[in-house]
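Each protein sequence line maps, in turn, to chains A and B.
Per the numbering used here: the first sequence = residues 365 to 590.
Per the numbering used here: the second sequence = residues -9 to 305.
Even for Gly, the Cβ is constructed at its ideal location relative to N, Cα and C.
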Amino acid sequence: MIRFDNVSKRYPGGHEALRGVSFHIPRGQMAFLTGHSGAGKSTLLKLIPLIERASHGQVVIGGHNLAKIGRRRIPYLRRQIGIIFQNHQLLFDRTVFDNVALPLVISGLRHQEIGRRVRAALGKVGLLERERAYPITLSGGEQQRVGIARAVVHKPPVLLADEPTGNLDPELSREIMGLFEQFSQVGVTVLVASHDIALISSLGHRILTLRNGQLVAGDGSARATA
Amino acid sequence: MSARPPKRGGSFLPVYLIRHAQVFIASLGRLYRNPMSTLMTAAVIGIALALPATLLVALNNLQRLSGGWNGAASISVFLKQTVSDGQAADLASKLGTWPGVSSVRTITRDQALAEFRRLSGFGNALDALNSNPLPAVLVVKPARENEPAAVQALLLKLRQLPQTSMAQLDLQWVKRLAAIMAIGRRGVLVMAALLGLAVLLVVGNTIRLDIQNRHDEIAVTKLIGGTDAFIRRPFLYTGLWHGLLGAAIAGALVELAFGLLSGPVSRLATLYQSDFSLQFIGATGIGALVAAGAGLGLAGSWLAVSRHLGDIEPT
């Protein structure tokens, strides 16, 4: 589902964030991406929804070579990917319901269908009773769950999360990871960037480790897994 | 999964229309929630549109007024020096019976001299002359004054009279007035173009600020797959609403201005025994105002959107 083939990313100015990264995450698999800050986790995630483009190598998502997706088709690629951010990226001038509804509004769904799906997603993250609240009135963990509901409301086949538990206490973090596991069990391919080694190694999923822009473990080859 | 736009099947159009209707209403709601800034912008647009609109309506009224005078052309018949005042009076009463003539006024040689002395300032020079050099004049008012051919025929007939030295149709001043009004109209159009440009910039700047204020929303929307058209739409509608509100304010201002003027104008007209009354902007004028406001609002927001929306990308 997510395939990187010898991918490098060099930013203007010469900083090389990723060097020759290759891996494949099959459909429905859940994987973690770890490494020190600056190792290239965020850059790697940004290549998947084409927030950044690879300088070298191929990124293939669901059979689509991203190099061949032009500017005008990027929105349709992004609709296939749910993205969760450490800082939630919620819109504070609208309610929880409206935040979660945004991807469906963009897709042009009808009103009743939007209501049904938003409530299903909010139910999934346990915030059904807060749909009329504004994000500012929610706790950090609740805001993160609103972000997750928004990322999954349109049932994307790929889910990305960048440090989703960055500011949360261990119990909440484990709860959030549990949600991701549930999504992968219904066939969603999940890639979570996190530096919380203790938490992610306790969950028993595949772990890709980046160091200075190079994948040093978890690429699926014999060398790395040995 | 696919990274292609959805197929445009039978259900495409309703969804498209529904989205437009939603944004149409939502953008109005957004303006309603910021009444002060909305009103300020709309008022600036309104005043900018009202100025040329008022002047154009005023020019139209002036044209109507001079159109009424256009027919009041008269023919000045300058008689030969040999024609005495008595003969001139006889000729005047004879011409008065012609079918093509409505009335005849006689200016005797003495009257002409007195008028010339009064108006020209050459009184002393005239005193040096032994005799009055001025001819008598008959001012002939044509009966069918609105038919140029009939007036022209009358002019020819008057020229062929043995007593006539020269006959002249007094249309010059009407032509001059028309020329002056053509300049006025051109000037108003130039001013309208400049003020239209100002409206464009006002709307463009308002939308630019709006885009800056909603930077995060735009970035998030792009991130979750909003197309450029989807993101552009609310801003274009906001510009449209600003233009429409501005046009409404302009229409009200023009109506108010002419409402205030119409009383004094008709009193003045009565004093001149005229039934002239001020013509207001009318449905066509309001329609043109609304079209101009909507067009400028849309164009201004389009400018801002195409300049600034591309700068915002998710990071």
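Exercise. If you pair each beta-carbon of the segment 196 to 216 of chain B with each one of the segment 65 to 79 of chain B, do three or more pairs fall below 8 Å?
Worked result: With a cut-off of 8 Å, the segment 65 to 79 of chain B and the segment 196 to 216 of chain B do not count as touching, because too few Cβ pairs lie within range.
For this session: Compare the C-beta of B:R(-2) against all C-beta atoms of chain A and say whether one is closer than 8 Å.
Result: In the second sequence, counting from the first residue as 1, residue -2 of chain B sits at position 8. Only weak support exists for where B:R(-2) lies, its pLDDT of 47 falling under 50; the value from the coordinates is given anyway. Taking Cβ atoms only, chain A never reaches closer than 8 Å to B:R(-2), which makes this a no.
For this session: Out of A:Y375, A:V424 and A:R417, state which residue places its alpha-carbon closest to the alpha-carbon of A:P390.
Result: Within the first sequence, the letter at position 26 stands for residue 390 of chain A. Closest in alpha carbon position to A:P390, among A:Y375, A:V424 and A:R417, is A:V424.
Exercise. For A:H594, which of helix, strand or coil comes out of DSSP?
Worked result: Coverage of chain A is limited to positions 365 through 590, which leaves residue 594 of chain A absent and any answer about it impossible.
Problem set entry | Residues of the segment 449 to 460 of chain A with Cβ closer than 7 Å to any Cβ of chain B, in chain order | Under the 7 Å Cβ criterion, the segment 449 to 460 of chain A contributes Q453 and L455.
For this session: Would you kindly work out how many angstroms separate the C-alpha atoms of A:E380 and A:S419, rounded to a whole number?
Result: Taking the first residue of the first sequence as 1, we reach residue 380 of chain A at position 16. Taking the first residue of the first sequence as 1, we reach residue 419 of chain A at position 55. Distance between the alpha carbons of A:E380 and A:S419 is about 10 Å.
Exercise. Closest by CA to B:L116, which one among B:L128, B:A102, B:V129 and B:A126?
Worked result: By one-based count along the second sequence, residue 116 of chain B stands at place 126. Of the candidates B:L128, B:A102, B:V129 and B:A126, the one whose C-alpha sits nearest the C-alpha of B:L116 is B:A102.
For this session: Answer yes or no: does any C-beta atom of chain A fall closer than 8 Å to that of B:T228?
Result: Counted from its first residue, the second sequence places residue 228 of chain B at position 238. It does not: the Cβ of B:T228 has no partner Cβ on chain A nearer than 8 Å.
For this session: Give a yes or no on whether 8 Å exceeds the smallest Cβ distance from B:V34 to chain A.
Result: Working through the second sequence from its first residue, we reach residue 34 of chain B at position 44. Any Cβ of chain A closer than 8 Å to the Cβ of B:V34 would place that residue at the interface, and such an atom is absent.
Exercise. Could one say the Cβ of A:L466 lies closer than 8 Å to chain B's Cβ atoms, at least one of them?
Worked result: As a first step, residue 466 of chain A must be located in the first sequence, where it is residue number 102. With 8 Å as the cut-off, A:L466 counts as an interface residue toward chain B.
Exercise. Which residues, in order along the segment 184 to 207 of chain B, keep a beta-carbon less than 8 Å from a beta-carbon of chain A?
Worked result: From the segment 184 to 207 of chain B, only D206 and E207 have a Cβ closer than 8 Å to chain A.
Exercise. From which residue to which residue does the alpha helix (DSSP H) around A:F461 run?
Worked result: Within the first sequence, numbered from 1, the residue matching residue 461 of chain A stands at position 97. Start and end: V460 to S471.
Problem set entry | Beta-carbon gap between B:R36 and B:A183 smaller than 8 Å | Here residue 36 of chain B refers to the residue found at position 46 when the second sequence is read from its first residue. Here residue 183 of chain B refers to the residue found at position 193 when the second sequence is read from its first residue. With the sequence shown as reference, residue 36 of chain B is identified as Gly, and Arg is not the correct amino acid for it. No; because the gap between Cβ atoms is not below 8 Å, this pair is not in contact.
For this session: Establish whether the CB of A:P439 and some CB of chain B are separated by less than 8 Å.
Result: What you label residue 439 of chain A is simply residue 75 of the first sequence in a count that begins at 1. Output row for A:P439: interface = yes.
Exercise. Which runs of the alpha helix (DSSP H), 4 residues or longer, sit entirely within the segment 389 to 440 of chain A?
Worked result: Runs found: 405 to 411.
Problem set entry | Below-8 Å beta-carbon distance, A:A586 vs any chain B residue | Against the first sequence, residue 586 of chain A aligns to sequence position 222. Reliability of the predicted coordinates at A:A586 is poor, the pLDDT of 40 falling under 50, and the value obtained from them is presented with this limitation in mind. False, the Cβ-Cβ gap to chain B never drops below 8 Å.
Exercise. When Cβ atoms are compared, which residues of the segment 291 to 304 of chain B fall closer than 8 Å to chain A?
Worked result: Those would be E303 and P304, in chain order.
Exercise. Buried or exposed: B:F112, going by 16 or more other Cβ atoms within 10 Å of its Cβ?
Worked result: Translated into positions along the second sequence, residue 112 of chain B becomes position 122. So B:F112 counts as exposed.
Problem set entry | B:G0 burial status per 10 Å Cβ neighbour count (16 or more: buried) | As a working mapping, residue 0 of chain B is identified with position 10 in the second sequence. Note that B:G0 scores a pLDDT of 48, beneath 50, so its modelled location is shaky; the value from the coordinates is reported in the next line. Taking all protein chains in view, the Cβ of B:G0 is surrounded by fewer than 16 other Cβ atoms within 10 Å, so the residue is classified as exposed.
Exercise. CB-CB under 6 Å to B:I122, same chain, minus the five flanking residues each way: which ones, in chain order?
Worked result: Numbered from 1 along the second sequence, position 132 holds the residue referred to as residue 122 of chain B. For clarity, residue 122 of chain B is Asn in the given sequence; the question names Ile instead. Counting only Cβ-Cβ distances below 6 Å, and skipping sequence neighbours, we find R99 and L103.
Problem set entry | Terminal residues of the alpha helix (DSSP H) in which A:R538 lies | If you number the first sequence from 1, residue 538 of chain A lands on position 174. Boundaries of the alpha helix (DSSP H) harbouring A:R538: P534 to Q549, taken from the DSSP string.
Problem set entry | Cutoff 6 Å; reference A:I540; Cβ partners in own chain excluding five residues on either side | Along the first sequence, read from residue 1 onward, the residue named residue 540 of chain A stands at position 176. So the qualifying residues of the chain are P528 and T529.
For this session: Rounded to whole angstroms, what's the CA-CA distance from B:H10 to B:G283? Just pull it up for me.
Result: One-based indexing of the second sequence puts residue 10 of chain B at position 20. One-based indexing of the second sequence puts residue 283 of chain B at position 293. Those two C-alpha atoms are separated by around 20 Å.
Exercise. Does A:R442 come within less than 8 Å of chain B when only Cβ atoms are used?
Worked result: As a working mapping, residue 442 of chain A is identified with position 78 in the first sequence. Yes, contact with chain B.
Exercise. Where does B:K70 fall in DSSP's three states?
Worked result: To locate residue 70 of chain B, count along the second sequence from 1; it is residue 80. If DSSP states are grouped into helix, strand and coil, B:K70 belongs with coil.
Problem set entry | Same chain, Cβ closer than 7 Å to A:T589, five either side skipped, listed in chain order | By 1-based counting over the first sequence, the position of residue 589 of chain A is 225. Reliability of the predicted coordinates at A:T589 is poor, the pLDDT of 39 falling under 50, and no value is obtained from them.
For this session: Measure how close the beta-carbons of B:L299 and B:I221 come, nearest whole angstrom, since I'm counting them as under 8 Å.
Result: Locating residue 299 of chain B in the second sequence gives position 309, counting from the first residue. Locating residue 221 of chain B in the second sequence gives position 231, counting from the first residue. With a Cβ gap of about 6 Å, B:L299 and B:I221 count as contacting.
Exercise. So A:L441 and A:L466 are in contact, right, with Cβ under 8 Å, and what is the actual spacing, rounded?
Worked result: Looking up residue 441 of chain A in the first sequence gives position 77. Looking up residue 466 of chain A in the first sequence gives position 102. Their Cβ separation, rounded to whole angstroms, is 17 Å, which puts A:L441 and A:L466 out of contact at 8 Å.
For this session: Using a Cβ-Cβ cut-off of 8 Å, state whether B:V47 counts as contacting chain A.
Result: As a working mapping, residue 47 of chain B is identified with position 57 in the second sequence. Using a CB distance cut-off of 8 Å, B:V47 does not count as an interface residue toward chain A.
Problem set entry | CB contact flag (B:S17, B:T196, <8 Å) | Taking the second sequence and counting its residues from 1, one reaches residue 17 of chain B at position 27. Taking the second sequence and counting its residues from 1, one reaches residue 196 of chain B at position 206. The beta carbons of B:S17 and B:T196 sit no closer together than 8 Å.
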